[in-house]
Amino acid sequence: MSWTDLGEWWLDELADDPAYEAITTPLLLQTLRPQSGHRYLDLGCGEGRVMRAVQGLGALVVGVDINESLMAGLDSGIVADLPVVPLRDDSVDGAYAVLVFEHVADHRGVFAEAARVTRDGGVFCLVSNHPYWTAPGATPIEDDDGEELWRPGEYFGPGGTDIPIRDHTVRFEHRSMSDLLNGAADAGWSLEAMSEHPHHDHSSQSNVPRLLACRWRLTG
């Protein structure tokens, strides 16, 4: 099911999930370190929650998303289906994607398009669900003693998982960490920083990575 049909569900998710405001957005800001006066591209901007946080630090932001209704209140939103980015070459100082890569089949195309529109020396930042968590079949399991463990699933296998959402499904694409990092490197992105974070509200999964944050520099 296309994200053009899931706008209402996404707004409900944001309203019911305080972690997005308390954890996800601050993680992006910490990783991106947006500079006042610089122009950034928000890939999969949705209704603009992260855009507003970046703009609040004095940066300029243009958003791209497939869901036109979500962007209705934005003054700098462009409708496009990733990996397509309808911007000129070298037109932004940086780009970022928050909880978007795991829903995009062509991650290499996104890295390449982000490199095309970013000026040399610019940055690209990613906050996503960790590949260890998105592997098909990955799930918590409980042993006979009541201890909760983690089944890694098909980490090295291709594919993804379709999660039922109301009358639709949301596709979580899976790729290993090496696929992700090599895709960025092949597009000219040099890794500067990476951090991994556990699930915020499941102490039994404190050793299981749930979020991944990366910052790359365009090396030309």
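Heads up: the sequence shown begins at 88 in the working numbering, then just goes up one per residue. Backbone N, C-alpha and C define an ideal beta-carbon position, used for all residues, glycine too. Note that the structure is predicted; figures quoted are calculated from it, not measured.
What's the C-alpha gap between residue 193 and residue 170? One C-alpha to the other measures close to 7 Å.
Between residue 292 and residue 251, is the Cβ-Cβ spacing less than 9 Å? No, these two residues do not count as a Cβ contact at 9 Å.
Out of 166, 183, 109 and 178, state which residue places its alpha-carbon closest to the alpha-carbon of residue 141. It is 183 whose Cα lies nearest to the Cα of residue 141.
How many whole angstroms separate the CB atoms of residue 115 and residue 214, which I take to be in contact at a CB cut-off of 8 Å? 5 Å between Cβ atoms; contact.
Taking a contact to mean a Cβ-Cβ separation below 9 Å, would you say residue 122 touches residue 207 in this structure? No, they are not a contact pair.
Just curious, the alpha helix (DSSP H) that residue 264 is in, first and last residue? Looking at the DSSP string, the run of the alpha helix (DSSP H) that includes residue 264 is 264-273.
Starting from residue 196, follow the beta strand (DSSP E) in both directions and report where the run begins and ends. Run containing residue 196: none in the beta strand (DSSP E); it sits in the alpha helix (DSSP H), 194-204.
Could you tell me the alpha carbon to alpha carbon distance between residue 248 and residue 130, rounded to whole angstroms? Straight-line Cα distance between these residues: approximately 22 Å.
Given a cut-off of 9 Å on the beta-carbon distance, is the pair residue 222 and residue 196 in contact? No, the Cβ-Cβ distance between residue 222 and residue 196 is not below 9 Å.
Beta-carbon proximity check, residue 276 vs residue 198, cutoff 9 Å: Using a Cβ distance threshold of 9 Å, residue 276 and residue 198 count as a contacting pair.
For my contact list, residue 204 and residue 176 are in at a C-beta cut-off of 8 Å; report their separation, rounded to the angstrom. With a Cβ gap of about 6 Å, residue 204 and residue 176 count as contacting.
Outcome for residue 139 when other beta-carbon atoms lying within 10 angstroms are tallied against a minimum of 16: Residue 139 is exposed by the Cβ-count criterion.
For residue 137, which three-state DSSP category applies? The three-state reading of DSSP puts residue 137 in helix, counting H, G and I together.
Tell me the DSSP secondary structure of residue 219 in three-state form. Residue 219: helix per DSSP, three-state reduction.
Applying the criterion that 16 or more other CB atoms from any shown protein chain within 10 Å of the CB defines a buried residue, is residue 306 buried or exposed? By the 10 Å Cβ count, residue 306 comes out exposed.
Alpha carbon to alpha carbon, how far is residue 303 from residue 209? Give it in angstroms, no decimals. Spanning the two alpha carbons is a distance of roughly 8 Å.
Could you tell me the alpha carbon to alpha carbon distance between residue 148 and residue 135, rounded to whole angstroms? Residue 148 and residue 135 have their C-alpha atoms spaced approximately 10 Å apart.
Using the DSSP secondary-structure output, state which residues sit across from residue 179 in a beta bridge. For residue 179, which the question treats as bridged, DSSP gives the partners 205.
When you compare only the Cα positions, how much space is there between residue 294 and residue 166? Between residue 294 and residue 166, the C-alpha separation is close to 39 Å.
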